[in-house]
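Quick note: the sequence shown, position 48, residue 48 per the numbering used here, numbers continuous. What follows is a short report on a single structure.
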Amino acid sequence: MICIPIVARTTDAIAEEMWAAARIADLVELRLDYAPSADLERLLRNRPCPVIVTCRPVRQGGCFEGPEGERLGLLQRAVDLAAEYVDVELDCVQRLRRGGRTRVIVSHHDFERTPPDLDGLHDSIVRSGADVAKIACMICDICDNLRLFRVLRRTHHPTILLGMGELGLVSRILGRKFGNYLVYASLAPGKESAPGQVPAAELRDMYGYHRIGPGTAIYGLIGDPIAHSMSPAVMNAAFRHAGVDAVYVPFRVQRDVVGFVKAYREMDVSGYSVTIPHKETVLPAMDDVDEVVKRVGALNTVMYRGGRLVGTNTDVPAALAALENALGGDAGPGPRALDGRSVLIIGAGGAARAVAFGLAERGAMIVIANRTPERGRRLAEQIGARFCPLDRIADVRADIIVNTTSVGMHPAVNETPVPRVCLRPGAVVFDAVYNPMETRLLREARESGCKIVTGVEWFIRQAALQFELWTGLPAPREAMERALRARLGNP
Ligand code: NAP
Numbered sequence: 001m002i003c004i005p006i007v008a009r010t011t012d013a014i015a016e017e018m019w020a021a022a023r024i025a026d027l028v029e030l031r032l033d034y035a036p037s038a039d040l041e042r043l044l045r046n047r048p049c050p051v052i053v054t055c056r057p058v059r060q061g062g063c064f065e066g067p068e069g070e071r072l073g074l075l076q077r078a079v080d081l082a083a084e085y086v087d088v089e090l091d092c093v094q095r096l097r098r099g100g101r102t103r104v105i106v107s108h109h110d111f112e113r114t115p116p117d118l119d120g121l122h123d124s125i126v127r128s129g130a131d132v133a134k135i136a137c138m139i140c141d142i143c144d145n146l147r148l149f150r151v152l153r154r155t156h157h158p159t160i161l162l163g164m165g166e167l168g169l170v171s172r173i174l175g176r177k178f179g180n181y182l183v184y185a186s187l188a189p190g191k192e193s194a195p196g197q198v199p200a201a202e203l204r205d206m207y208g209y210h211r212i213g214p215g216t217a218i219y220g221l222i223g224d225p226i227a228h229s230m231s232p233a234v235m236n237a238a239f240r241h242a243g244v245d246a247v248y249v250p251f252r253v254q255r256d257v258v259g260f261v262k263a264y265r266e267m268d269v270s271g272y273s274v275t276i277p278h279k280e281t282v283l284p285a286m287d288d289v290d291e292v293v294k295r296v297g298a299l300n301t302v303m304y305r306g307g308r309l310v311g312t313n314t315d316v317p318a319a320l321a322a323l324e325n326a327l328g329g330d331a332g333p334g335p336r337a338l339d340g341r342s343v344l345i346i347g348a349g350g351a352a353r354a355v356a357f358g359l360a361e362r363g364a365m366i367v368i369a370n371r372t373p374e375r376g377r378r379l380a381e382q383i384g385a386r387f388c389p390l391d392r393i394a395d396v397r398a399d400i401i402v403n404t405t406s407v408g409m410h411p412a413v414n415e416t417p418v419p420r421v422c423l424r425p426g427a428v429v430f431d432a433v434y435n436p437m438e439t440r441l442l443r444e445a446r447e448s449g450c451k452i453v454t455g456v457e458w459f460i461r462q463a464a465l466q467f468e469l470w471t472g473l474p475a476p477r478e479a480m481e482r483a484l485r486a487r488l489g490n491p
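Right under this line is the structure:
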């Protein structure tokens with residue numbers, strides 16, 4: 001179940017938000033600590049869905065500052081008015097008189113950390129007579145989520161376990177797989193009652209919360225930062241469209257990615273996408289890597305094959321296919337479309353390495369230009385290419401220009417890494433940047449009579465290849481692109 005906490009401060013505003021929330025959620029939580037003088041009787045008389053009544057004191061992270069007797073009196077009133085649930089803290093549960101049909105959620109909150117003895121705390125809550133046990137705690141390390149899941153997996157008692165903060169998102173989504181009684185999600189951004197709550201519509205529509213069950217396969221994105229990644233929207237749309245029982249979650253891994261992959265083996269994660277800054281540092285966690293990864297020295301895809309973790313790199317074939325497609329025209333890409341073509345690659349980071357190694361194998365003649373010359377020279381040497389200082393690229397005559405820097409990316413949309421004089425009619429211009437969908441570079445290239453290859457095309461192709469490797473099914477590319485466009489605000 002999805003529960004939306006209502007944090008409005010007047011009876012009218014609470015009533016309005018409660019009805020809006022009921023369109024998305026299964027139940028709402030009336031947070032009386034935000035509005036202690038709200039007309040509870042009126043609100044409960046005219047409720048659109050089941051209700052949890054809560055009046056959280058400051059000592060447990062809420063905002064009720066009045067006397068304890070008054071606070072417990074409000075909760076008692078909710079019991080007398082037959083609210084479906086009342087949430088009372090473990091340290092005062094014995095002072096609440098039970099009654100009627102109201103079920104009591106006994107809760108404990110820790111805004112600092114995940115408590116060391118989570119099992120002991122859960123047992124104390126269950127022993128207190130809780131109909132539903134609840135622990136909400138801060139997740140300071142992505143692996144703390146595993147401790148929450150272990151409690152959910154072992155208990156048969158109705159239990160709510162929630163990880164707070166950005167790193168707790170994993171517990172909010174995957175908790176359902178392990179039997180979490182409910183999850184809290186906000187009515188809209190800015191209306192959160194605890195750190196890390198995501199909008200309920202996102203949880204329901206993007207992550208398909210109600211479809212998650214014990215048999216749902218887990219996939220995810222490893223990176224940092226990843227809060228604005230497009231991959232969850234694209235991959236979850238793909239699974240939904242193809243009818244695959246799977247969910248794709250963002251794993252923000254700040255350090256020790258190898259430790260993360262090892263620790264999460266107990267979760268039977270079926271596959272990972274890997275992004276900045278872990279494409280290289282994750283390599284030691286693999287049991288096997290394929291030839292592409294060995295040559296490029298970086299991976300973006302992890303899958304299980306016969307119980308072994310295998311790393312591959314779909315960035316490389318996706319970039320090559322996008323370029324070959326652009327060169328092929330109506331006749332289609334020939335097998336040697338890139339052989340002998342002169343290519344200028346701007347940048348020498350991870351994206352550049354993927355494109356450069358792939359193109360070198362296809363027999364392209366490559367020039368690397370990069371802001372930091374040593375890094376550019378190093379990559380050029382590794383693939384047998386020439387290096388050119390960034391301020392001299394106008395001297396390079398290239399059939400294909402590839403931007404692999406982040407120049408031109410939102411919000412700096414008026415920047416371009418390539419002066420207009422370099423954009424000759426008939427050339428192919430490929431921009432790795434996909435936000436905005438048409439960068440200034442691509443717009444000017446189009447206006448100059450060049451063929452363009454967008455970062456969106458690269459992104460969708462590499463994601464589609466991942467999907468196919470993981471599931472063995474053809475990727476629903478149109479649905480994936482629709483999801484990406486919607487996420488980029490460009491439907
Ligand atoms: P990275 O490893 O951090 O490399 C960044 C590259 O950009 C370096 O060569 C860096 O030069 C250069 N750079 C950064 N800011 C610059 C500036 N202001 N002026 C000139 N050069 C600058 O990052 P990455 O993984 O290669 O990603 C680069 C871009 O490609 C990002 O926008 C990413 O979103 C995009 N990308 C897209 C896809 C896709 O599927 N469409 C896939 C991968 C990456 P220095 O060496 O001098 O720092």
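For glycine and all other residues, C-beta sits at the position ideal for the given N, C-alpha and C.
Take the alpha-carbon of residue 385 and the one of residue 216: they are about 46 Å apart. Counting along the chain, residue 30 sits inside the beta strand (DSSP E) bounded by residues 27-31.
The beta carbon of residue 191 lies closer than 7 Å to those of 7 in the same chain, with the five residues before and after it left out. Distances between the C-beta of residue 459 and the heavy atoms of ligand 1 include at least one below 7 Å. According to DSSP, residue pairing for residue 272 in a beta bridge involves 220, 302. Apart from the 5 residues on each side of it in sequence, residue 79 sits with its Cβ closer than 6 Å to the Cβ of 86, 99, 102 in its chain, given in chain order. Residue 258 and residue 28 have their C-alpha atoms spaced approximately 40 Å apart. When the Cα atoms are used, residue 393 and residue 175 turn out to be separated by approximately 52 Å. DSSP places residue 247 in the uninterrupted beta strand (DSSP E) bounded by 246-252. Taking the Cα of residue 1 as reference, the smallest distance to any Cα among 21, 17, 11, 9 is reached at 21. Every alpha helix (DSSP H) of 4 residues or more that sits fully in the region 424-480 is shown, in chain order, as 440-447, 455-471. Contact between residue 420 and residue 321 is absent: CB atoms are separated by about 28 Å, not below the 8 Å threshold. Here DSSP, grouped into helix, strand and coil, assigns residue 80 to helix. For residue 455, the shortest C-beta to heavy atom distance toward ligand 1 is below 7 Å.
With respect to the 8 Å criterion, residue 359 and residue 371 are not classified as neighbours on the basis of their beta carbons. Relative to residue 179, the option among 271, 194, 210, 187 whose CA is nearest is 210. Sorting 466, 432, 269, 436 by C-alpha distance to the C-alpha of residue 453 places 432 at the top.
Put simply, the region 47-56 touches the region 86-97. At least three CB pairs are less than 8 Å apart. For ligand 1, no non-hydrogen atom lies closer than 7 Å to the CB of residue 419.
In the three-state scheme derived from DSSP, where H, G and I count as helix and E and B as strand, residue 11 is classed as helix. If you keep only unbroken beta strand (DSSP E) runs of at least 3 residues inside the region 91-177, you get 103-110, 132-138, 159-164.
In the structure shown, residue 180 adopts coil according to DSSP, grouped into three states. In its chain, beyond the 5 residues on either side, 248, 250 have a beta carbon closer than 6 Å to the beta carbon of residue 232. Going by DSSP, residue 324 is part of the alpha helix (DSSP H) stretching over 315-328.
In this structure, ligand 1 has a non-hydrogen atom nearer than 7 Å to the beta-carbon of residue 405. Residue 361 carries a helical assignment under DSSP once its states are collapsed to helix, strand and coil. Judged by the Cβ position, residue 315 qualifies as a neighbour of ligand 1 at the 7 Å threshold, a heavy atom of the ligand being closer than this. If you draw a 10 Å sphere on the C-beta of residue 254, you find fewer than 16 other C-beta atoms in it, and that means exposed. Under the three-state reduction of DSSP output, residue 369 falls in the strand class.
In the DSSP assignment, residue 62 falls outside any alpha helix (DSSP H) and carries neither an H nor an E. The straight-line gap separating the alpha-carbon atoms of residue 199 and residue 187 is approximately 6 Å.
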